[in-house]
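Taking it in order: structure first as structure tokens, then the write-up.
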Amino acid sequence: MSADAAVEAAARLLDRARHAVALTGAGVSTESGLPDFRSPGGLWAGVDPMAVASLSAFQRAPQAFYDFYRRRLALLRDARPNPAHLALARLEAAGRLQAVITQNVDGLHQAAGSRRVLELHGSLHRAACATCGARRPIAELEAALDRGALPVCPACGGLLRPDVVLFEELLPADVYAEAEALCRRADVLLVVGSSLQVTPAASLPEVTLEAGGRLIIVNQEPTPLDHAALVLRGRAGTILPPLADRLLAAT
Ligand code: NAD
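If you're matching positions, the sequence shown starts at 0 in numbering that gives the first Met the number 0 and goes up one per residue.
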């Protein structure tokens, strides 16, 4: 199928959908200048994830953990939504998409105007105290690190950390349950920029398929579920805007 025919077929599927939902991964944000994890040059290139982004790394070697997150926070400062985020927000505003479930922690869907965003892995825009759980603005954590100090909770003196899900931690159960319910109800799940290698998020498309829904996958590389999906191969920022244009022109 040509690229154009694939976009047309996806627009037709979404046009017939009553409850379409999107699931996004790091690939939806690479065109905003945020590296993904697993691509060449991604965040894991030359880095052992368990040494910098796991709960035990935070507990054993907080400095390496903070150095890694400081780099990510610096990248985030200049990041703006790209045409892929904006297309998803347009689809929701037009009533064609019920929600965006995201594995990302960058807040770019909300910045683009998406309203119902389920953050499976938390948010880099918040800090949380590792001891008492108090939520604090991420700026407090950054300011401490910029001074060369460890970020400390003003309430209890515990260490502040970004309010994201680390390796060795569970996803927030309430958010995951809501995401699962959305995927079960979805007649179309539009998966954008996820390698579909990280569970449990990667099992959400299976929930849609088992309940009889269809999958559309937008990715520049193959994924393990391509055989069960309508695949649009290429960059999300190139594919999603014309897809939204076609769908909304048909409205
Ligand atoms: P991943 O790195 O495993 O996969 C990204 C996928 O997107 C790859 O298959 C890649 O080929 C594809 N891709 C990259 N750029 C693309 C583009 N422009 N258009 C289309 N496809 C593109 O990421 P994942 O599946 O989201 O893995 C999950 C983990 O990544 C989560 O733990 C998440 O928290 C984390 N993560 C989030 C961010 C962020 O918030 N922006 C950044 C890096 C990693």
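In this text, a Cβ means the ideal position worked out from N, Cα and C, and glycines have one as well.
If you look at Ala-210, you'll find it isn't in any alpha helix (DSSP H); DSSP assigns it neither H nor E. When distances are taken from the beta-carbon of Val-174 to the heavy atoms of the ligand NAD, even the shortest one reaches 8 Å or more.
Counting along the chain, Ala-154 sits inside no alpha helix (DSSP H), nor does DSSP assign it H or E at all.
For the options Gly-45, Ser-55, Thr-29, Val-51, the alpha carbon positioned closest to that of Leu-75 is the one of Thr-29.
With a cutoff of 8 Å, Asp-225 does not count as near the ligand NAD, since its C-beta is closer than that to no heavy atom of the ligand.
A direct Cα-to-Cα measurement between Val-163 and Arg-125 gives close to 8 Å. Excluding the 5 residues flanking it on each side, Leu-159 has same chain C-beta neighbours closer than 8 Å at Ala-126, Ala-127, Cys-128, Ala-129, Arg-135, Glu-139, Leu-140, Ala-143, Pro-150, Val-151, Cys-152, in chain order.
The residue from Val-187, Ile-137, Arg-146, Leu-242 with its alpha-carbon nearest to that of Gly-106 is Ile-137. Sixteen is the threshold: when 16 or more other Cβ atoms of the shown chains lie within 10 Å of the Cβ of Asp-35, as they do, the residue is buried. If you draw a straight line from the Cα of Ser-1 to the Cα of Val-217, it is about 14 Å long. Between the ligand NAD and the CB of Val-206, the shortest heavy atom gap is not smaller than 8 Å.
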